[in-house]
Amino acid sequence: MKLFFVLSLYILVLKCAAAVNDTVTMSILYRNDKKESKTYSIKIELFQEQFPMTVKNFKGFCQGIEIPYGGGVSTFSYLNTVFHRIIDGFVVQGGDVLSMDGRGSVSALPEYNWRSFPDEKNQIEISEEYPERKHKKGVIAMANSGPDSNGCQWYIVLSDTSCSHLDGKHTVFGEVVEGMDDVMKMSVDHDESAKKEERPKIVEIKVTEAAKGENKMDL
Numbered sequence: 001m002k003l004f005f006v007l008s009l010y011i012l013v014l015k016c017a018a019a020v021n022d023t024v025t026m027s028i029l030y031r032n033d034k035k036e037s038k039t040y041s042i043k044i045e046l047f048q049e050q051f052p053m054t055v056k057n058f059k060g061f062c063q064g065i066e067i068p069y070g071g072g073v074s075t076f077s078y079l080n081t082v083f084h085r086i087i088d089g090f091v092v093q094g095g096d097v098l099s100m101d102g103r104g105s106v107s108a109l110p111e112y113n114w115r116s117f118p119d120e121k122n123q124i125e126i127s128e129e130y131p132e133r134k135h136k137k138g139v140i141a142m143a144n145s146g147p148d149s150n151g152c153q154w155y156i157v158l159s160d161t162s163c164s165h166l167d168g169k170h171t172v173f174g175e176v177v178e179g180m181d182d183v184m185k186m187s188v189d190h191d192e193s194a195k196k197e198e199r200p201k202i203v204e205i206k207v208t209e210a211a212k213g214e215n216k217m218d219l
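Right under this line is the structure:
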């Protein structure tokens, strides 16, 4: 039994070490507490092998995707969207490509007719293949209104303890690996009362796929 556990742990370490994940780099424009405009960059590592559907959806909006909408076809992207929900010590939430205020929901997945898609299960179970994914500081997770209601909105967790009640209820599909200090500053300098034009805005997006290289969107 002990030998089996050691072997399983060894396999997990090897797979984690060998995995090369896609990344997304976002430039974010915001005003600090002195009303000075600043731009900073965050780099997000995506867990595409563990959560392929969720990462496909996220990357679709990062790269821009054409979706049937309002009787025609429109391009939707995270570019120029704002972080509409900022709660210090809890989360920074954005990704509403429709209304930028938290009311909009659409997916980048044609197989779900561009509508809500399911949660990807078993994320908090340790397996031979993947580590558990819980709500700790810096992780990226899908916002939803209940089970299997994922769309375009996502959030960054600001604390190791404040979001533990969300474990297993929201798919944790990535993690900020660079720029988290700036995210923390942004959460202090802003709150939900800020006007839409004053909220932190994504002004550039670079998607780097492990096998293909960089893809960039900017103003």
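Position one of the sequence shown corresponds to residue 1 (the UniProt record's numbering), numbered consecutively onward. For each residue, glycine too, the CB sits at the ideal point set by N, CA and C. If you're wondering where the values come from, they're calculated on a predicted model, not measured in any experiment.
Sequence-distant residues of its chain with Cβ nearer than 7 angstroms to Val82 (five each side left out): Gly94, Met100, Lys196, Arg199, Pro200 and Lys201, listed in sequence order.
First and last residue of the uninterrupted alpha helix (DSSP H) at Pro52: Pro52 -> alpha helix (DSSP H) spans Pro52 to Gln63.
Three-pair Cβ contact test at 8 angstroms for the region 102–115 versus the region 157–172: Result no; under three Cβ-Cβ pairs closer than 8 angstroms.
Beta carbon proximity, Ser159 to chain D, threshold 8 angstroms: Considering every chain present, this structure includes no chain D. It has just one protein chain.
Secondary structure of Met26, DSSP reduced to three states: Of the three classes helix, strand and coil, the one that applies to Met26 here is strand, per DSSP.
Selection from Asn80, Thr39 and Met53 that minimises the alpha carbon distance to Gly64: When only C-alpha atoms are compared, the closest one is Asn80.
Segments assigned alpha helix (DSSP H), at least 4 residues, entirely inside the UniProt domain "PPIase cyclophilin-type" (42–200): Segments of the alpha helix (DSSP H) lying fully in the UniProt domain "PPIase cyclophilin-type" (42–200): 52–63 and 180–189.
Inter-stretch contact at 8 angstroms, needing at least 3 Cβ pairs: the region 20–32 / the region 54–64: A contact between stretches requires three or more CB pairs, one per stretch, nearer than 8 angstroms, and the region 20–32 meets this requirement with the region 54–64.
Lys34 in three-state terms, based on DSSP: Here Lys34 sits in coil by DSSP.
Exposure of Val20, with buried meaning 16 or more beta-carbon neighbours within 10 Å: When all chains shown are included, Val20 counts as exposed.
C-alpha distance - Lys56 paired with Asn144, whole-angstrom precision: Each residue's CA atom was taken as its position, placing Lys56 and Asn144 some 17 angstroms apart.
Between the CA atoms of Tyr40 and Lys169 - distance to the nearest angstrom: Between Lys169 and Tyr40, the alpha-carbon positions lie close to 30 angstroms from each other.
Whether Met184 touches Leu158 by CB criterion (8 angstroms): Closer than 8 angstroms, so yes.
Residues near Asp182 in its chain [Cβ-Cβ closer than 6 angstroms; skip 5 each side]: These residues qualify, in order along the chain: Tyr40.
Spatial distance of Asn32 from Gly179 (CA atoms): Asn32 and Gly179: Cα-Cα distance of roughly 16 angstroms.
Where Glu36 falls, given that 16 or more other Cβ within 10 Å makes a residue buried: Exposed is the call here.
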